[in-house]
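Residue numbers (my numbering): 23 to 113.
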């Protein structure tokens, strides 16, 4: 299983943010918001992209989109969701 975050911020901003939190996963940068718009999380009418989580299967198909993300509880929410979807972490 691979996981990462994506942001419309610059690579430098994302690097500093990841380092400040000691993250063990990368934050991909999409400063032009092209990918964010393609996934429907950014638009010309919103100042900031929406914070959604996409679970994508090994075949590239979207298995689930979580649109109600609570930053404090999201980790536990994802664990339960991945278990429900039958996604297992590789050893």
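The beta-carbon is built from N, C-alpha and C at its ideal position, and this holds for glycine as well.
- In this structure, DSSP gives residue 57 a helical state, which the three-state scheme calls helix.
- Fewer than three Cβ pairs drawn from the stretch 40–48 and the stretch 57–70 lie within less than 8 angstroms of each other, which leaves the two stretches out of contact.
- Shown here for residue 37: same chain residues with a beta carbon closer than 8 angstroms to its own, the five before and five after excluded, namely 49 in chain order.
- Within the same chain, Cβ atoms closer than 8 angstroms to the Cβ of residue 103 are found at 77, 86 and 88, the five residues on either side in sequence being excluded.
- Between residue 27 and residue 52 the beta-carbon gap is near 11 angstroms, outside 8 angstroms, which marks them as no contact.
- Residue state for residue 67 is assigned as coil, using DSSP reduced to three classes.
- With fewer than 16 other CB atoms across the displayed protein chains lying within 10 angstroms of its CB, residue 101 is exposed.
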